[in-house]
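Under the UniProt record's numbering, the residues of the sequence shown are numbered 1 to 528, in order. Note that beta-carbon positions come from the ideal geometry of N, C-alpha and C, so glycine has one too.
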Amino acid sequence: MSFKGETGFTFDHYSEILIDERTWRVFRNTLIMVFGSTTLASFLGVLFAWLMAYSDIRWKRFIQLWIFLPFIIPSYVSSLAWVQFFGRKGQLENLIKPFIENFQALNLYSMTGIILVMGFTTYPLVYLLTVNAFRQIPREIELAARISGANRWETFVKVTLPMASPGLAGGIFIAFLSSLDNFGIPAFLGSTANITVLTTYIYQQVIGFGPTAFNRAAVLSVLLGGIALIGVGIQWIVLSKSQRLESQSNDMKPRVVLGRKRFMVELAIGLFFIGTSVLPLGALIVSPLYQAIGKPLSMENITLKNYAYIFQSTMTKEALFVSLKLAFVTAAIALIVGTLFSYYRVRKFTKITQFMESAITLPYALPGTVFALAMILSWMQPFPGWNPGIYGSIAILYIAYFTRFLNLQVRSSIASFQQLDISIEEASQMSGSNGWVKWKKILLPLIIPTVLGGTTLVFLTALTELTVSSLLYSSQSHTIGVSILSFQQSGYLRYATAFSSIIVILILFGYLLWIGIQNITKKRGSQL
1 MSFKGETGFT FDHYSEILID ERTWRVFRNT LIMVFGSTTL ASFLGVLFAW LMAYSDIRWK
61 RFIQLWIFLP FIIPSYVSSL AWVQFFGRKG QLENLIKPFI ENFQALNLYS MTGIILVMGF
121 TTYPLVYLLT VNAFRQIPRE IELAARISGA NRWETFVKVT LPMASPGLAG GIFIAFLSSL
181 DNFGIPAFLG STANITVLTT YIYQQVIGFG PTAFNRAAVL SVLLGGIALI GVGIQWIVLS
241 KSQRLESQSN DMKPRVVLGR KRFMVELAIG LFFIGTSVLP LGALIVSPLY QAIGKPLSME
301 NITLKNYAYI FQSTMTKEAL FVSLKLAFVT AAIALIVGTL FSYYRVRKFT KITQFMESAI
361 TLPYALPGTV FALAMILSWM QPFPGWNPGI YGSIAILYIA YFTRFLNLQV RSSIASFQQL
421 DISIEEASQM SGSNGWVKWK KILLPLIIPT VLGGTTLVFL TALTELTVSS LLYSSQSHTI
481 GVSILSFQQS GYLRYATAFS SIIVILILFG YLLWIGIQNI TKKRGSQL
């Protein structure tokens, strides 16, 4: 499509995009946003990974739940939450202004605001891959460095970081791709300040519906994919030069005793979570109750009309119904297809299954706007002269969600089957249990906790998805994310925050359900 012109093959769309000054401004904004947020996410991720892997701080399981919280809350909801607390006329400004009259809160509708919110929402990705890399470093190597005269900081820089570089590079790379792919934060915070990045620029081109809209969007998608490939190349170079000296298992014992500093570190961690999660989410839930913005919350300044509108509005009820339906159907089909494929992939690993696994991974790895554009171009007219009517209907969202999120289920199901010894199946076959009986009595009871963990993740991700649906939705298929985006861009911020608050409560309930499933999985694993 990027090379398609009225007379056939052409480079005109590329030259048109590349000579446009706005393209380079968008390109520069994208690089600043991605590198700024990735740097912040890397710092926070490595810091928490070191504290969790090396120090003797208490309540580590509880802390880890709070670390993952920004990851499960949709980024566009996080941006609204931060604006309500840290932004101009937000809760923080209302609290401080009575004491400091000239105090003015940070303007989050800026590049700085975009980088801050994005960095604080993507650091769990860096933490996730780095913490285990730290735990797998043999103590003896670090001890040898200390004996040879290196202090703790020199040991960390010259020994710990280089040896953890595979996990660290992987985490930074995923944070890089997540920032590059993010549509919600720049759409919610950048549009007001006229800050456009590649994801929002592609969105603007597609919804513009000009004669060359899809051609221009295709060119921009190629540029976006090119940046992603450069990131892949840098990661490959780092990994090729890194050392892979890992112990056989994770060392969960503390390596650094903080002593008297431990309480202060724990207090700082608690204040960090309160400041970055509790207070913003609390402000998000409370802000729709204000009748007049900028005044203190009191009985005279409280109203329930914003929440009442959300529960009474036909649009929001339909959006909630559509999103729940999409999430349930996607999760159910992914559960069946993903689990069956994963079983075949683990028990019969061939080039065919390897290729199929790569094909399943690709839609999830692609930036959301690029994937959505590919869906449009694929289903608008799959074959010359044939229009199946999928584009413009809810059917394209079902196909897109299943294709994009199947990978989440496959990853979970593969991990579940890899934990099962094949001798269990062999014993069941010897006793005459084959086919459905084997699955019903042997396999399903053993794998269902882990498999359902993946299904829950698919459901929650599909429920609040925005990037893909913002380009594929129709008048009959408004989703939760699209509705909140519409409220925000139309100036109905109180409706956007009220709807987001309800979604946060649903997500937290799902998060607790996911935690319960994980606990059941661990108990089952200890019994095997």
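Shortest Cα-Cα distance from I505 to any of Y473, T464, L471 involves T464.
Assigned with DSSP and collapsed to three states, F487 falls in helix. Inter-residue distance for I73 and A144 is about 43 angstroms (C-alpha atoms, whole angstroms). One thing to note: Y76 has its Cβ no nearer than 8 angstroms to the Cβ of N306. For F383, DSSP records a beta bridge to W386. When T196, A415, F99, N194 are compared, the shortest CA-CA separation from T339 is found for A415. The continuous alpha helix (DSSP H) containing F405 extends over residues 395–418.
Here V256 carries a strand assignment [DSSP, helix/strand/coil]. In the displayed model, Y473 falls within coil according to three-state DSSP, outside both helix and strand. Cβ-Cβ separation between F499 and S474: approximately 20 angstroms, too far for a contact (criterion under 8 angstroms).
Classified as exposed, V256 has fewer than 16 neighbouring CB atoms from the shown chains inside 10 Å of its CB. Here DSSP, grouped into helix, strand and coil, assigns Y290 to strand.
Scanning its chain for C-beta atoms nearer than 8 angstroms, with the 5 sequence neighbours on each side dropped, one finds around S191 the residues T200, Q489, in chain order. When the beta-carbon positions are compared, M33 and I115 come within less than 8 angstroms of each other. For I115, the three-state secondary structure derived from DSSP is helix. For K97, the CB contacts under 7 angstroms within the same chain, skipping 5 residues up- and downstream, are F103 in chain order. Across the structure, V206 and L373 are spaced so that their CA atoms are roughly 8 angstroms apart. S42 sits in a helix when the DSSP states are folded into three classes. Cα atoms of L281 and S501: separation of roughly 8 angstroms, rounded to the nearest angstrom. Rounded to the nearest angstrom, the gap between the Cα atoms of G270 and G119 is 19 angstroms. The continuous alpha helix (DSSP H) containing E266 extends over residues 261–273.
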